[in-house]
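Here is the structure we will look at, set down as structure tokens.
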Amino acid sequence: MKKLLFQFDTDIHPSVFDTVVAYDGGADHVIGHGGLTPENVKALVEGAIFTRAPKDKKNTAIFIGGSNLAAGQALFAAVQKIFFAGFRVSVMLDSNGCNTTAAAAVAKLAANRSLAGKKAVILAGTGPVGQRAAVMLAKEGATVAITSRKLEQAINVCDAMKTRFGVDLTPLEASDNHARKLAITDANIVMATGSAGIELLQEEDWRDNPNIELIADANTTPPLGIGGTDMMDKGAERHGKLVWGAIGFGAFKLALQRACITKLFEDNKLVLDAEQIYQLAKDTA
């Protein structure tokens, strides 16, 4: 029986990246639907859950993506509300790579040393990857702050993560490099998750900081988020700090996303969100 993955995307056009990885993860067919919302997804979900016998439902799964994490979370919740009794299929949330990218980066940091009791700062952390990385770091016992150019935006994200995951995050306003340099003064872990091609720190902003132990930069488009690092860094030592670049942990991110797709077809009751995906990352990092 064919393994069918329905790609539910909140953007108009389903992500080509996610489609390719889905095939590499073992799906026989990937059927993409764009522009989905909680209001228009019901018929699609019903088509997925009513068409195969109970023993065969594990061969159908749903992947939820798109660039907007809030929209993805709403769609993720709406899909699950349609399930009932044995009429369900496995479902995964990874809007804009939020869970797999964050899990890959944090798992690599955690593989090097304990994160418990450390102070972490997520620069430009209000996007999908930054939000989920902050949660994962907090779950590891770190004290985590999220910076944004606008304090209100950071507050809203921290509140949302508190509601969803029960973690306490600190919002910080940091509108320029100098403010971000001050934000990382006491940090042991610095992670950059800003928009592509925007430098958030110059090398001199972090190079001589004796408190910083670990650095991760999720940006692959020059200039990188953290100057003086390289996107290929794979636990490289720079100025006494261990550095992971986006390509350095990117291979693991791809492997993790493929592994999640594979796992979706093992059972029809799996729900893969931040907690489950991060645990899988830790088990394989």
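Under our numbering, the first residue of the sequence shown is numbered 766, with each subsequent residue one higher. By construction, the Cβ of each residue, glycine as well, lies at the ideal position given by its N, Cα and C atoms. Please read all numbers here as calculations on a predicted model, not as lab measurements.
Once you ignore the five residues that flank Asn942 on each side, which residues in its own chain have a CB closer than 8 Å to its CB? Glu964, Leu965, Leu966, Gln967 and Asp970
Compare the beta carbon distance of Leu1029 and Ser855 with 8 Å and say whether it is the shorter of the two. yes
Span of the alpha helix (DSSP H) around Phe841: Leu834 to Ile847
Quick check on the burial criterion: 16 or more other C-beta atoms within 10 angstroms. Buried or exposed for Thr775? buried
Nearest-angstrom Cβ-Cβ length linking Ala1046 and Ala868, presumed shorter than 8 Å: 4 Å
Count the other C-beta atoms from every protein chain shown that fall within 10 angstroms of the C-beta of Val781, then say buried if there are 16 or more, exposed otherwise. exposed
Would you decide whether Asp821 is buried or exposed? Buried here means 16 or more other CB atoms lie within 10 Å of its CB. exposed
Nearest neighbour of Gln845, chosen from Ser860, Ala813 and Gly882 [CA to CA]: Ala813
Taking 8 Å as the threshold (C-beta atoms), are Leu769 and Thr865 in contact? no
How is the alpha helix (DSSP H) around Gly812 delimited, first residue to last? Lys807 to Ile814
Beta strand (DSSP E) containing Glu1002: first to last residue? Lys999 to Arg1003
Going by the CB atoms, is the gap between Pro936 and Ile954 shorter than 8 Å? no
Alpha carbon to alpha carbon, how far is Ala981 from Arg1003? Give it in angstroms, no decimals. 12 Å
Secondary structure of Met956, DSSP reduced to three states: strand
Counting pairs of beta carbons, one from the region 782-790 and one from the region 985-999, are three or more of them closer than 8 Å? no
Under 8 Å: do the region 874-890 and the region 899-919 share three or more Cβ pairs, one atom per stretch? yes
By DSSP, does Gln772 sit in helix, in strand, or in coil? strand
With H, G and I counted as helix, E and B as strand and the rest as coil, what does DSSP make of Met996? coil
Rounded to the nearest angstrom, what separates Ile829 and Ala839 at their Cα positions? 10 Å
Let's test the definition: count the other Cβ atoms within 10 Å of the Cβ of Thr816 and tell me whether it reaches 16, buried, or not, exposed. exposed
For Ala1039 versus Met901, is the C-beta distance shorter than 8 Å? yes
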